[in-house]
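Numbering (my numbering), first residue to last: 125 to 364. Below is one structure, written out as structure tokens; comments come after it.
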């Protein structure tokens with residue numbers, strides 16, 4: 125086994141976080157009746173997470189219809205080609221120079237008529253100013269804390285399903301664990317998919333059964349697992 129300071133060949137360039145977000149969106153879409161290949165998806169942010177999400181969506185056969193960066197938003201209801209969008213971003217430093225497409229103000233991305241909204245940039249982009257303008261059926265949180273707690277509760281009241289960041293963007297943490305364990309990239313991808321899909325299913329099942337918000341459900345599951353792990357560790361230590 126490799127030590128924590130040694131490398132095993134799983135660089136961040138593989139986009140493990142975006143890969144996990146993709147699978148969070150995929151399995152949730154299946155569970156709530158959204159055909160992902162035909163879905164309209166808006167991605168807020170085209171950095172490491174957002175760009176890899178667009179890549180994996182493209183490989184699946186889905187094109188995002190809107191993508192934003194710090195300069196604004198590009199929108200084309202017929203879909204944006206990932207490879208072309210990536211090239212435009214690299215050459216012009218902004219997605220808004222993509223053609224064909226309509227250039228919108230950054231904030232307008234959150235108001236578009238899409239099926240799935242993926243905030244993948246900075247915290248609190250979903251807030252009291254725009255939460256009631258969101259038309260998506262599903263929000264998959266790829267960034268850290270992209271929505272205020274109050275906004276998540278409001279989306280829940282509007283019957284918009286939110287997959288919280290602690291579930292959706294855990295791919296990076298899982299891949300770091302895989303690297304620590306000395307796994308190869310293929311095994312890392314398998315671990316990310318398996319754990320993300322399993323946890324999404326757990327959370328949605330708990331939401332449906334106990335009528336609670338997704339974040340509260342995810343936190344309760346996490347607290348229970350930590351408690352069980354600590355109890356197991358205590359029992360094992362008493363045996364030695």
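All residues carry an ideal CB built from backbone N, CA and C; glycine is no exception.
Residue i classed as buried or exposed, judged by whether at least 16 other C-beta atoms fall within 10 angstroms
i: residue 224; result: exposed
i: residue 166; result: buried
i: residue 150; result: buried
i: residue 308; result: exposed
i: residue 216; result: exposed
i: residue 199; result: buried
i: residue 206; result: buried
i: residue 130; result: Because the pLDDT of residue 130 is 45, which lies under 50, any placement of that residue in the model is unreliable, and the number read from its coordinates should be weighed accordingly. Its Cβ having fewer than 16 others within 10 Å, residue 130 is exposed.
i: residue 265; result: buried
i: residue 193; result: buried
i: residue 350; result: exposed
i: residue 180; result: buried
Spatial neighbours of residue i in its chain, beta-carbon cut-off 6 Å, leaving aside the 5 residues before and after
i: residue 175; result: none
i: residue 221; result: 212
i: residue 422; result: Residue 422 is absent from the structure shown; the chain starts at 125 and stops at 364.
i: residue 295; result: 140, 141, 143, 144 and 316
i: residue 280; result: 337
i: residue 201; result: 189
Sequence-distant residues of the same chain with beta carbon closer than 7 Å to residue i, five excluded per side
i: residue 128; result: Residue placement at residue 128 cannot be trusted, given a pLDDT of 46 that sits under 50; the coordinates are not used to answer.
i: residue 177; result: 142, 145, 146, 167, 242, 244 and 266
N- and C-terminal bounds of the beta strand (DSSP E) containing residue i
i: residue 241; result: 240 to 243
i: residue 196; result: 196 to 199
i: residue 321; result: Element bounds for residue 321: not the beta strand (DSSP E) but the alpha helix (DSSP H), 309 to 334.
i: residue 289; result: It is not in any beta strand (DSSP E) - residue 289 instead sits in the alpha helix (DSSP H) that spans 289 to 292.
i: residue 166; result: 165 to 168
i: residue 264; result: 262 to 264
Proximal residues to residue i (C-beta, below 8 Å), its chain only, five neighbours per side dropped
i: residue 229; result: 196 and 197
i: residue 249; result: 168, 234, 243, 267, 270 and 271
i: residue 345; result: 323, 326, 327 and 330
i: residue 246; result: 169, 267 and 270
Residue interval of the alpha helix (DSSP H) (run including residue i)
i: residue 246; result: Where residue 246 is concerned, there is no enclosing alpha helix (DSSP H), given that its DSSP letter is neither H nor E.
i: residue 190; result: Here residue 190 belongs to no alpha helix (DSSP H); instead the beta strand (DSSP E) covers 190 to 193.
i: residue 284; result: It is not in any alpha helix (DSSP H) - residue 284 carries neither H nor E in the DSSP assignment.
i: residue 236; result: Neither: residue 236 is in no alpha helix (DSSP H) and is coded neither H nor E.
Rounded Cβ spacing between residue i and residue j (contact assumed at less than 8 Å)
i: residue 262; j: residue 289; result: About 14 Å separates the two Cβ atoms, so there is no contact after all.
i: residue 287; j: residue 338; result: 6 Å
Please confirm if the region 168 to 188 is in contact with the region 135 to 152, defined as three or more CB-CB distances below 8 Å between the two stretches. Contact between the region 168 to 188 and the region 135 to 152 is established, with three or more Cβ pairs separated by less than 8 Å.
Taking three-plus beta-carbon pairs below 8 Å as touching, is the region 331 to 351 in contact with the region 149 to 157? With a cut-off of 8 Å, the region 149 to 157 and the region 331 to 351 do not count as touching, because too few Cβ pairs lie within range.
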